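**Student:** Following this message is one structure expressed as C-alpha cells.
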Amino acid sequence: MKSRRFLGLLAIAGLLGSILTGVGPALQADAANAQDFNPGNIISDVQFFDGGAMDAGAVQGFLNSQVSGCQSGYVCLKDFRQDTPTRGAVANACSAYAGRASESAADIITRVGVACGISQKAMLVLLEKEQGIVSDSSPSARQYRSATGYGCPDTADCDSTYYGFFNQVYAAALQFNFYANNPTRWNHVPGRVNNVRYHPNAACGTGEVYIENQATAGLYNYTPYQPNPAALANLYGTGDGCSSYGNRNFWRIFSDWFGAPIASTSLLRSADSAQVYLVSETSKFPVRSLALMTAFAPLGQVGFVSQSYLNNFTTKHDAGRIFRSPGGRMFFHDAGIKLPFDSCAQVLDYGGSCNSDGYVQLTDKQVGAFQTGPLIGPVLATTAGHRYYITLGTKREILDDQSQVAAGIPLQQNVLTEAAVEELAFGSPIVRDSVLIRKRSTSDYAFFANGTRSPIGTAYAAALGLQNRVAGSLHATSHSKLTPSGTEFNGLVKADGVAGTWVLTAKGRARWDAAATQFGLPATRVSQAFLNSNALGGDISAGALLQDPSSKTVYVLMGNEIRPISSWEALLALSDTATPTIHPVTAGVIAAIPKGAVALTAGTLVRSPDNAAVFLVNGVTNRIPLSSFDFTTEAGLTGFTYEPAERINAYPLSNIPLTFGITCGDTRYVSSGGSLHKVAPAAHALYPFTFVALDSFTCNQLIVGSDATDFIRTPNGAIYQLVSGEKRPVTSMERFAQLSGGRSWLQVIPRFADMIPTGGIA
C-alpha cells in the first residue's frame, strides 16, 4: 500500500537538490542511537495505540515548536484548517467522528487519534516520516494531499479517493486498526518470525525478523521494508542502493521527538474501562486486584490503548499467581520473582492446574522479566511474619515452629509477600496441642487443647498477661476454623504424670487441688510441656484472695466457700505485704464456688448490735470469744465494730476463749503492753495459760516485742520469778539481781499476774 515512500523524503530532497533524506530536527546530542534500533520492536503497542497520548493543546503546541515561521505564500501545518466530514463508527476500529467547519490540523490529529485509538505522537511521526509536513515551513499542496502516504502504492500514483489531509489521517488510523483486527491476514504477523524485505528490489533480499508486537507488524504492513546495515550506519542520511528508510525514520523521529518508542508493558487498559489486562500473544487475561497488578510489575506499568485494540485479543480466564513458559515450565510468581514448580500436584496445591485454564501463558520474554527464585515448596512464609502450609488450593496457617514440627512439616520455607497467597482460601490452621493463641489484630485470646478452642475472657486474659505468653496469633478466619469447645477456658489445668490441679496465674501457675476435689471445677487436660512452661507459684489454700478481673469484688477463700471482702483494710489484713497477692480467676470459677457472708477484717474485734458478746476475728479460721478486753488490749487489739450477726455467725466459734496466751504457728507468745512476747520452749511451763492458736492473717496484725523471761513485774512494783507454773515474790532488788543474772522482767497488768498461782518466796 505504501512502500513508495521507501526512501523517506529522498525524492523530495532530490527535487530540492539535497543529498540528505533525514526528516525532522538536526542531529543533536540526545539524538537517536542506531544501536538501540530493534527491527522486531520499532514501537511498543502501548505507545502506538494510546489514543489519549496528547490533547489538542499539546498537539498545537508541538506543531508550533517545529516551525518558527512559515514562508510567505505557504500554509504550515500549525496553521492549517479545513472543513471535516462526519464519519460513522467502524466496528472495532474507530468510533464516530463528527465533522466541523474550519477544523485545525491539531484538532484533526487529536480527534482522529481519540476516535481510532491511535497515538497522536505516532500520527505526528507518520506525517513527518511520509511528507516532512510537520517541520516544513513551505509545504506543498501535494504534501497535504497525500499527508500520510495512504493509498500511495510503490508502482503507481496515489489514489485520489483518499486525497486530502483529513482523509489521509483518518484512513491511516483506520488502516492500522484493520491490521490489528486481523493480524494473520496480512503479510507481516506479530509473534512469529517474518521475512522482511530490505528494498522494493527483490535482489536486495530479505532478513528474518521476529516481530514482537502488533504496532511493529502494522508499520511493516504499511511500509514493508526494514533498514539494512547501511541505512542504520548513517541514521540521519542515506545508505546504499538497497537501503530503505521509512521504518527507520519512523523510529528515529519518534525517538528524537518523544523519547524511546519502546515503553514495554504487557499490562493494558483503555480509557473506556478501568479493567487492566495482561496481554500475551493473542490473549488477554483480566487482572482483578491491585496486588496482582503489583506482582506483574516486571511486565511494565499499566499502559493505555484503545478499546478497539484490546478487543483484538481473546479474553481468557483471570490472571493469577501461576504462569507457564512456552517450554512448559510452570512458575509461581510474587515480588518480581518466579519460583519453579516441580510437579502438577504442586500447581494444584497453589490453586492452579496444568490445564490451560489453570495458568497464564506467557512468552519467553515475559517469563524472562522475572528473577528466578528457588523451587516452590509446601511452606510459604510472608514478609508480614505469617506462615502457611499450602495444600489442595488452600493455605493452612501455621502457628509456630513447634506446631510445624508436631505436624511433621519440614521447616524449610520460601518468604514472599502476604499478597502472594491472598487469593487462596483459608484451611484449618496447624496448631499444636495445649497452647495459648490470639486472634490477630484483636485482644481476643483462646486456649487450644484436645482439638478444641476455648475462648478466654478479655479481662481475665489481661490479668494473666497473655499478650506476653501466647505462642502466636492467627488470622480471624484461621481462628474460626478451630473447633470451638462450647465453654470458656477457666484457667484450671491438669497434666498426665503430674499430680494435682493447677490454675494459671499472672506469674505462672499455682496448685489448687480443692478446685476439683472440693468445688468440682473442671480442669482442661494439657501437655506436661505446657504445664512446665508456667513457673511454679505456690498453692492456693484457705486465705487466698481471688478475683474475677471483670469485677471489683475480691474474695477470700475459706475452708468450703469464698467470702467477699468489704474494704481495702480488710484486704490488707489478709496479706503480709502492702501489696496483696490477688489471684485472677474467671467469672465462672467465682460463680461455681459457694459464697459466704462478707468477710470480716482479720485481727479485729466485732459484736452484733443485739448481742453484747465480743469476738476476735481470727483471720479466715474462726471467731474467738472474749471474757475481758484486757486480753486483747495487752495484745495490741483495741476497739470493736458492730457487724451484722449473720456475718459474725458465719465464722466458726472457737471453743477456747482468748487469754494472755497466744500461739502463732509453732511459737508461743504471751501478750503484754500491746505486743506479743515469745516464750521459749524451755519456758512453756512457766506460763500456765491456755494458749489459743491464731491463724497467720491475725498473727500478721500483731506486734512482737522482746522475748518473755522468767520474771514479771506488776504496776505496783512487785517482781515475781516464775517457777513451774507459779509466781514467787522477789523481796528486794538485791535478791532480783542475785536471781536474774542480768535478765530483765516482763511488765504485766495485775490480771496477767493474778492468773498465775502464787508460790513461796523466791
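Using the UniProt record's numbering, you'd call the opening residue of the sequence shown number 1 and step up by one each time.
Note that beta-carbon positions come from the ideal geometry of N, C-alpha and C, so glycine has one too.
For clarity, every value in this text was computed on a predicted model and none was experimentally measured.
Is T758 near K727, with beta carbons less than 8 Å apart?
**Tutor:** For T758 and K727, yes; Cβs fall inside 8 Å.
**Student:** Among all the DSSP beta bridges, which residues are the ones paired with S671?
**Tutor:** Answer by DSSP bridge pairing, in chain order: L676.
**Student:** Extract the residue ranges of the beta strand (DSSP E) inside the region 473-537, only unbroken runs of 3 or more that lie entirely within it.
**Tutor:** Counting whole runs of 3 or more residues, the region 473-537 contains the beta strand (DSSP E) stretches 492-495, 498-505, 508-511, 524-526.
**Student:** Which whole-angstrom value is the C-beta distance of Y198 and G207, which I expect to be below 8 Å?
**Tutor:** The pair is a contact, with the Cβ atoms about 7 Å apart (cut-off 8 Å).
**Student:** Between S102 and D83, what straight-line distance do the alpha-carbon atoms span, to the nearest angstrom?
**Tutor:** Taking the straight line from one Cα to the other gives about 5 Å.
**Student:** With H, G and I counted as helix, E and B as strand and the rest as coil, what does DSSP make of A297?
**Tutor:** Helix.
**Student:** If we ignore side chains and look at the alpha-carbon of each, how far apart do Q214 and S283 end up?
**Tutor:** If you take the alpha carbons of Q214 and S283, they lie about 13 Å apart.
**Student:** Sort G117, I211, A510, V134 by Cα distance to residue 767 and report the nearest one.
**Tutor:** In this structure the chain extends from 1 to 762, so residue 767 is not present and cannot be described.
**Student:** Please state the DSSP three-state secondary structure of A446.
**Tutor:** Three-state result, A446: strand.
**Student:** With a CB to CB cut of under 6 Å and the five nearest residues on each side skipped, what residues in its chain are close to L362?
**Tutor:** Counting only Cβ-Cβ distances below 6 Å, and skipping sequence neighbours, we find S280, F323.
**Student:** So, using beta-carbon positions, are D630 and H677 closer together than 8 Å?
**Tutor:** Taking 8 Å as the Cβ cut-off, D630 and H677 do not qualify as a contacting pair.
**Student:** Buried or exposed: which applies to P750, given that a residue is buried once 16 or more other Cβ atoms fall within 10 Å of its Cβ?
**Tutor:** Looking at its Cβ environment, which holds fewer than 16 other Cβ atoms inside 10 Å, P750 is exposed.
**Student:** Does DSSP put Y389 in a helix, in a strand, or in coil?
**Tutor:** Strand at Y389.
**Student:** When you compare the CB positions of Y389 and I409, do they come within less than 8 Å of one another, or not?
**Tutor:** Taking 8 Å as the Cβ cut-off, Y389 and I409 qualify as a contacting pair.
**Student:** Counting only runs that start and end within the region 155-210, where is the alpha helix (DSSP H) found for 4 or more residues in a row?
**Tutor:** Counting whole runs of 4 or more residues, the region 155-210 contains the alpha helix (DSSP H) stretches 165-181.
**Student:** Could you give the distance in angstroms between the alpha-carbon of T483 and the alpha-carbon of T452?
**Tutor:** Approximately 5 Å between the Cα atoms of the pair.
**Student:** Hey, would you say the C-beta of Q366 is under 7 Å away from at least one heavy atom of the ligand MN?
**Tutor:** The ligand MN is not part of this structure, which contains no ligands at all.
**Student:** Along the chain, where does the alpha helix (DSSP H) containing A570 start, and where does it finish?
**Tutor:** Residues 568-573.
**Student:** Have a look at S744 and Y720 and give me their C-alpha separation to the nearest angstrom.
**Tutor:** When rounded, the distance between both Cα atoms is 11 Å.
**Student:** Using the Cβ count rule (16 or more neighbours within 10 Å means buried), how would you classify T586?
**Tutor:** Answer is buried; the Cβ neighbour count reaches 16.
**Student:** Alpha helix (DSSP H) containing P750: first to last residue?
**Tutor:** Its alpha helix (DSSP H) spans residues 750-754.
**Student:** On the DSSP bridge list, what partners appear for N414?
**Tutor:** DSSP lists L380 as partners of N414.
**Student:** Is the separation between the beta-carbon of I662 and that of S675 shorter than 8 Å?
**Tutor:** Not in contact: I662 and S675 (Cβ atoms no closer than 8 Å).
**Student:** What would DSSP say about L464, mapped onto helix, strand or coil?
**Tutor:** L464: helix per DSSP, three-state reduction.
**Student:** Should L348 and T382 be called a contact, given that it needs their Cβ atoms to be closer than 8 Å?
**Tutor:** For L348 and T382, no; Cβs fall outside 8 Å.
**Student:** Starting from P729, follow the beta strand (DSSP E) in both directions and report where the run begins and ends.
**Tutor:** Note, P729: beta strand (DSSP E), 726-730.
**Student:** Under the rule that 16 or more other beta-carbon atoms within 10 Å means buried, what is I761, buried or exposed?
**Tutor:** With fewer than 16 Cβ atoms within 10 Å of its Cβ, I761 is classed as exposed.
**Student:** Closer than 8 Å is the cut-off here; do at least three beta carbon pairs connect the region 96-114 with the region 60-77?
**Tutor:** With the cut-off at 8 Å, the region 96-114 and the region 60-77 touch.
**Student:** Are the beta-carbon atoms of S266 and F304 separated by less than 8 Å?
**Tutor:** Taking 8 Å as the Cβ cut-off, S266 and F304 do not qualify as a contacting pair.
**Student:** Closest to G472 by CA distance: which of E646, A591, N532, D401 is it?
**Tutor:** The residue with the shortest Cα to Cα distance from G472 is D401.
**Student:** For P429, is the classification buried or exposed, using 16 other Cβ atoms within 10 angstroms of its Cβ as the cut-off for buried?
**Tutor:** The residue in question, P429, is buried, as its Cβ has 16 or more Cβ neighbours within 10 Å.
**Student:** State buried or exposed for W257, treating a residue as buried only when at least 16 other CB atoms are found within 10 Å of its CB.
**Tutor:** So W257 ends up on the buried side.
**Student:** Do you know offhand how far S627's Cα is from S732's?
**Tutor:** Distance between the alpha carbons of S627 and S732: 34 Å.
**Student:** Do you know whose CA, among E397, R469, F447, lies nearest G486's CA?
**Tutor:** The option with the nearest alpha carbon to G486 is F447.
**Student:** Let me know the secondary structure DSSP gives V614 once reduced to three states.
**Tutor:** In the structure shown, V614 sits in coil (DSSP, three-state: anything other than H, G, I, E or B).
**Student:** Can you tell me the Cα-Cα spacing of N312 and Y220, whole angstroms?
**Tutor:** Roughly 18 Å separates the two Cα atoms.
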